[in-house]
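All remarks here apply to the structure that follows.
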Amino acid sequence: MNSKYHLRAGSTTEGPYAVAVTPESAGWGYSGLRVLTLAPGGSHRVTTGTDEMLVLPLSGSCSVECAGQSFALDGRSDVFSGPTDFAYLPRDTAAVITSETGGRFALPSSRCEHALAPRYQPAASTRPELRGAGNCSRQVNNYCLPHTFDADRILVCEVLTPSGNWSSYPPHKHDEQREGESRLEEIYYFEVGSGPRGPGMAYQRVYGSDAGPIDVCAEVASGDVVLIPHGWHGPSMAVPGYDLYYLNVMAGPGEERAWRICDDPAHGWIRAEWQQQEIDPRLPFGPDSDGRA
1 MNSKYHLRAG STTEGPYAVA VTPESAGWGY SGLRVLTLAP GGSHRVTTGT
51 DEMLVLPLSG SCSVECAGQS FALDGRSDVF SGPTDFAYLP RDTAAVITSE
101 TGGRFALPSS RCEHALAPRY QPAASTRPEL RGAGNCSRQV NNYCLPHTFD
151 ADRILVCEVL TPSGNWSSYP PHKHDEQREG ESRLEEIYYF EVGSGPRGPG
201 MAYQRVYGSD AGPIDVCAEV ASGDVVLIPH GWHGPSMAVP GYDLYYLNVM
251 AGPGEERAWR ICDDPAHGWI RAEWQQQEID PRLPFGPDSD GRA
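Residue 1 is where the sequence shown starts when you use the working numbering, and the numbers rise one by one after that.
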């Protein structure tokens, strides 16, 4: 197993950041993620530099002051309670994030070329999408994809998988820039539901493609990160008794901002089986659903 691609909770802390992944620390060119922890009444100034960035609440609410504008993010109690609102920060700017009640805030980022306007996206604009069926049912909140939010390079979504289900399946890749596929670096940030006796666990698989070798079969816990520079990735396995959440951050060198994937041909046949199965009735975790995708 390539342990350098599995970053355990607490291994990448930096100041107020519980997670700090940059293109430099990951050894690639674009994708980054910080997770900011604020105590009640806490405040933090962030500068974007050559990155565009989101402020996306994982738990708690905050205000964001940027370029003379103020965005009040209602946030949420936790990642399983439904989609959140978020703010977009352009490159070459500074912002102040303040939380009266405290909380945890994901700051997904990407190196980019163009400075866009700072903006606010309400939670109601992100309707949960249900994918798969049967024990491959999962929920996807598509915050910042080409069809949901305008950005220069960054792509951000989150996936919620009920206990005992498999997601990020069939295994797929996006490591070649060609027709039908995008070249994208990807970060998985995990949170796992707790059981009556404490924190839960889940598993993540990544294996090599023609783009290069990689071998990850990792037990993941809340706060863990898996880096995917290339290769087939999936499944993400929510073990019985513990719901699974992961935040995906993607970016790459393509001229077009697009998310195009290629299924592993050995396992792509499973999609046809879903047509005869129902979506897991435990979904959605949030209040609404767009149905099967």
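Even for Gly, the Cβ is constructed at its ideal location relative to N, Cα and C.
Given the structure is predicted, the values throughout are model-derived calculations rather than measurements.
Option nearest residue i by Cα separation, candidates the options
i	options	result
His230	Val140, Asn141, Leu247, Gly212	Gly212
Ser167	Thr98, Glu219, Tyr246	Tyr246
Pro83	Ser59, Arg91, Ser3	Ser59
Glu181	Cys262, Trp269, Gly41	Cys262
Val174	Val239, Thr101, Gly234	Inspection of the sequence shows that residue 174 is occupied by His rather than by Val. That would be Gly234, whose Cα lies nearest to the Cα of His174.
Asn248	Ser110, Gly41, Ser77	Ser110
Ile294	His267, Pro146, Gly252, Leu283	The structure shown does not extend to residue 294, since the chain is modelled only from 1 to 293, so the question has no answer here.
Ala258	Ile270, Pro196, Arg153, Gly49	Arg153
Gly75	Glu52, Met250, Gly102	Gly102
Own chain residues within Cβ distance below 6 Å of residue i, not counting five before or after
i	result
Gln275	none
Val159	Arg138, Val140, Ser167, Tyr246
Asp280	Ser137, Pro162
Gln177	Arg183, Gly254
Val64	Val55, Phe71, Ala87, Ala95, Ile97
Ile214	Asn2, Val206, Gly208, Gly231
Residues near residue i by beta carbon distance below 8 Å, same chain, minus five either side
i	result
Thr298	The first residue shown for the chain is 1 and the last is 293, placing residue 298 beyond what the model contains.
Glu278	Ala133, Gly134
Ser289	Note that Ser289 has pLDDT 46, beneath the 50 cutoff, so the model's placement of it is unreliable and the number below is only indicative. Correct list, in chain order: Arg127, Pro128, Glu129, Leu130, Gln139, Leu283.
Same chain, Cβ closer than 7 Å to residue i, neighbours up to 5 away in sequence not counted
i	result
Gly291	At Gly291, the pLDDT of 40 sits below 50, so the modelled position is not reliable; the number obtained from the coordinates is stated separately. Correct list, in chain order: Leu130.
Glu273	none
Tyr17	Arg34, Val35, Leu36
Contact belief for residue i with residue j at Cβ below 8 Å, rounded distance in angstroms
i	j	result
Leu54	Ala87	7 Å
Asp85	Leu73	5 Å
Leu244	Ala218	With a Cβ gap of about 13 Å, Leu244 and Ala218 do not count as contacting.
Gly151	Cys144	Reading off the sequence, residue 151 comes out as Ala, not Gly. Correct: roughly 6 Å between the Cβ atoms.
Beta-carbon proximity of residue i to residue j, cut-off 9 Å
i	j	result
Phe71	Phe285	no
Tyr207	Pro265	no
Count the CB pairs spanning the region 154 to 166 and the region 115 to 125 that are closer than 8 Å, and state whether there are at least three. no
Can at least three beta-carbon pairs, one atom from the region 102 to 116 and one from the region 27 to 34, be found at a separation below 8 Å? yes
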